Amino acid sequence: RRNASSANVTTREGISMTQGTIAQWKAIPGLSGHPVWEAAFAWIARQGPDAKLGDTPLGSQGFLGRVMQYPLKPRGQCLYESHRKTIDIQASLEGCEGIEFADERSIVGLGNYAATADVEHFRTPLKGTATVRNLPGRFVIILPGDQHLPQLALDEGASPLVRKLVDKVPAALVGVPEV
Numbered sequence: 008r009r010n011a012s013s014a015n016v017t018t019r020e021g022i023s024m025t026q027g028t029i030a031q032w033k034a035i036p037g038l039s040g041h042p043v044w045e046a047a048f049a050w051i052a053r054q055g056p057d058a059k060l061g062d063t064p065l066g067s068q069g070f071l072g073r074v075m076q077y078p079l080k081p082r083g084q085c086l087y088e089s090h091r092k093t094i095d096i097q098a099s100l101e102g103c104e105g106i107e108f109a110d111e112r113s114i115v116g117l118g119n120y121a122a123t124a125d126v127e128h129f130r131t132p133l134k135g136t137a138t139v140r141n142l143p144g145r146f147v148i149i150l151p152g153d154q155h156l157p158q159l160a161l162d163e164g165a166s167p168l169v170r171k172l173v174d175k176v177p178a179a180l181v182g183v184p185e186v
């Protein structure tokens, strides 16, 4: 579904993702007016390219904004991951990171769930179902149970690094079921 705001919710082959422009996030039904989503996107909007690496508490325990920077990798060097209790809102500050998604029926867990980091890794399938080009000024929301492959280099000759923002939103704060 697409509207004039450049925000959309896409469902394809078992994958549902919400993405759009940071300036237009309020056009997505269910986000605007909720204090947690408001706080999360306000923090993102305040960050610039020189944002300090690290975590910033945004309220309740586990609700934080994170500034990260890391090298992008070829697909064969990346690992799929998923979260059980947190929602990620990911937005690039610099660089273009690919984030690939796969249908849960197509991937196998490695059995390494780490509760403190709320992350589990998966074997990378032969191909993903969808890929988001996470460019500066845009965001993608990753829900609990969404298997995704971050750190993906998409374009030869592009910046080998991404500097990005990740809001970690406890699912319970916005009424989203944990998995």
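Positions in the sequence shown are counted from 1; adding 7 to them yields this note's numbering.
In this text, a Cβ means the ideal position worked out from N, Cα and C, and glycines have one as well.
Please read these numbers as outputs of a predicted model, since none were measured by experiment.
In whole angstroms, give me the CA-to-CA distance for residue i and residue j.
i           : j           : result
residue 26  : residue 146 : 5 Å
residue 43  : residue 181 : 7 Å
residue 74  : residue 97  : 10 Å
residue 144 : residue 122 : 31 Å
residue 63  : residue 173 : 10 Å
residue 156 : residue 87  : 4 Å
residue 76  : residue 171 : 6 Å
Residue i lies in the alpha helix (DSSP H); which residues open and close that run?
i           : result
residue 98  : Per DSSP, residue 98 belongs to no alpha helix (DSSP H); it is in the beta strand (DSSP E), 93-101.
residue 185 : Per DSSP, residue 185 belongs to no alpha helix (DSSP H) and is neither H nor E.
residue 42  : 42-53
Between the Cα of residue i and those of the options, spot the shortest distance and give me the residue it belongs to.
i           : options               : result
residue 95  : 39, 42, 130 and 51    : 51
residue 111 : 100, 123, 127 and 104 : 127
residue 133 : 139, 114 and 120      : 114
Looking at residue j and residue i, is the spacing between their C-beta atoms short of 9 Å?
i           : j           : result
residue 165 : residue 92  : no
residue 65  : residue 160 : no
residue 169 : residue 102 : yes
Practice task
Can you check the stretch 95-146 for any beta strand (DSSP E) of at least 3 residues that lies completely inside it and give the ranges in chain order?
Solution key: 104-108, 127-129 and 137-141
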